[in-house]
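Numbering (my numbering), first residue to last: -17 to 30. A virtual CB, placed ideally from N, CA and C, is assigned to each residue, including glycine. What follows is one structure encoded as structure tokens, with my remarks underneath.
Below, the structure is given as structure tokens:
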């Protein structure tokens, strides 16, 4: 592990994470990747 270990919880970091646009882009990316895969896995027998 690199960097300095700090186990103190800071609320401003939570606020910063939710106001960062990259957080929402990652959420949309993972959602768009996993929803089709889950639907295909569930209904693959009915499609074939």
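Simplified DSSP state of residue i, which is helix, strand or coil
i	result
residue -14	coil
residue 16	helix
residue -8	coil
Cα-Cα separation between residue i and residue j, rounded to whole angstroms
i	j	result
residue 7	residue 28	33 Å
residue 13	residue 19	10 Å
residue 16	residue 1	24 Å
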